[in-house]
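If you want the numbering used here, it's the 1-based position in the sequence shown plus 164.
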Amino acid sequence: MTSLYQILMLILDVVWFVMIAHIVMSWLISFQVLNLYQPLVRQIWDGLNRLLEPIYTPIRRILPATPGLDLAPLVAFIILIAIRIILQNNIALFL
Numbered sequence: 165m166t167s168l169y170q171i172l173m174l175i176l177d178v179v180w181f182v183m184i185a186h187i188v189m190s191w192l193i194s195f196q197v198l199n200l201y202q203p204l205v206r207q208i209w210d211g212l213n214r215l216l217e218p219i220y221t222p223i224r225r226i227l228p229a230t231p232g233l234d235l236a237p238l239v240a241f242i243i244l245i246a247i248r249i250i251l252q253n254n255i256a257l258f259l
């Protein structure tokens, strides 16, 4: 059971890192530090979007429309942290 817990935590860590990279990159693009016309930047941005859209899409359906402000990454990030806390606090029940 410990190995299953460690695998779940590893997956959550990878998702956390990808979400942080996506959030920081979106800020850099918004403030025009990064340019989407550069091929490498465009490939990384498209890859991050493809990885995270399956997570963001159901959240966007639930949230009210806020023009110019996408709250889905924030909600997904909070859910991810909540799942980590729940797993960490309840691992003793499974051992």
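Think of the CB as a built atom: it goes at the ideal place given N, C-alpha and C, for glycine as much as any other residue.
Who are the Cβ neighbours of residue i in its own chain at under 8 Å, not counting the five residues just before and after it?
{"i": "residue 207", "result": "none"}
{"i": "residue 247", "result": "176"}
From this set, the options, which residue's C-alpha is nearest residue i's C-alpha?
{"i": "residue 221", "options": "199, 210, 204, 236", "result": "236"}
{"i": "residue 228", "options": "239, 178, 257", "result": "239"}
{"i": "residue 219", "options": "168, 169, 171, 182", "result": "182"}
Under a three-way DSSP split, which group does residue i fall into?
{"i": "residue 165", "result": "coil"}
{"i": "residue 257", "result": "helix"}
{"i": "residue 260", "result": "Given that the chain is displayed from residue 165 to residue 259, the structure contains no residue 260 and the question cannot be resolved."}
{"i": "residue 230", "result": "coil"}
{"i": "residue 200", "result": "coil"}
{"i": "residue 216", "result": "helix"}
{"i": "residue 241", "result": "helix"}
Could you name the residues of the same chain whose beta carbon sits closer than 6 Å to that of residue i, not counting the 5 residues immediately before and after it, in chain order?
{"i": "residue 216", "result": "186"}
{"i": "residue 198", "result": "192, 205"}
Using 8 Å as the Cβ pair cut-off and three pairs as the minimum, do the region 191-204 and the region 245-256 touch?
no
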